[in-house]
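Let me begin by presenting the structure, written as structure tokens, before commenting on it.
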Amino acid sequence: MPNNGQPNPKAGWAFVHGPGLQGQPARVEQRGPFGDEGAQTSNNAELRAVIGALRFRHWPGEGFRTVNGWKTSSGKNGKTNVKNRDLWEMLLGEVERREEQGLKIQFWRIPREWNGVADAAAKKASAEDEAPGQWEEMMGLCI
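Number 46 in the UniProt record's numbering belongs to position 46 of the sequence shown; there are no gaps in the numbering.
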């Protein structure tokens, strides 16, 4: 996770995809998925982790529901523009792609104490010297 509000903030992200695993960590990139300059913030890190988890592997049969919200209102939430719009667009695109494959995506809010492994992995990643300059794909195989 990042040091928000500090000079030269550094942000890391991670997700854990099974019991007993240490997580898949990485630094938040300097540029988002569409080449926009990105900020090293906790919001970016959290969205990046969700996108990374969805793209990590093919998740058939995992039972998800979609989130559509502001998508139909031209990227606005009430009267203001949505922050991190590029990441939200990427996330919604991933959700739609998975639905086309017969999957539905469901998001659960979990207690902070259940997120310890992913949080520790993200903090470790944020301590790396350099953030990648461009968006990086992370893919894996779970066997």
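Glycine residues also receive a C-beta, built at the ideal position from the N, C-alpha and C atoms.
Item	Value
Residues near Q30 in its chain [Cβ-Cβ closer than 6 Å; skip 5 each side]	A131 and G133
Span of the beta strand (DSSP E), counted from its first residue to its last, around A125	Segment G116 to S126 is the alpha helix (DSSP H) holding A125; no beta strand (DSSP E) there.
For K83, the nearest candidate out of L21, N43 and W114 (CA to CA)	N43
Per DSSP, the bridge partner or partners of G12	R27
Proximity test, Cβ basis, 9 Å: N43 and chain B	Absent here is chain B; the protein component of the structure consists of one chain.
Residue from G116, D129 and F107 with nearest C-alpha to A53	F107
For V16 and V28, the rounded distance between their alpha carbons	17 Å
Coarse secondary structure for N43, derived from DSSP in three states	helix
Nearest-angstrom Cβ-Cβ length linking A39 and A122, presumed shorter than 8 Å	Not really, about 16 Å apart at Cβ, beyond 8 Å.
E37 - DSSP class collapsed to helix/strand/coil	strand
The alpha helix (DSSP H) enclosing R97, as first and last residue numbers	R85 to E100
Cβ neighbour criterion (16 or more within 10 Å) applied to I105	buried
Anticipated Cβ contact below 8 Å, A26 with A118, distance rounded	12 Å between Cβ atoms; not a contact.
Same chain only: Cβ atoms within 7 Å of D86, ignoring 5 sequence neighbours per side	G32, P33, F34 and D36
Best match in E128, M138 and E136 for proximity to K10 [C-alpha to C-alpha]	E128
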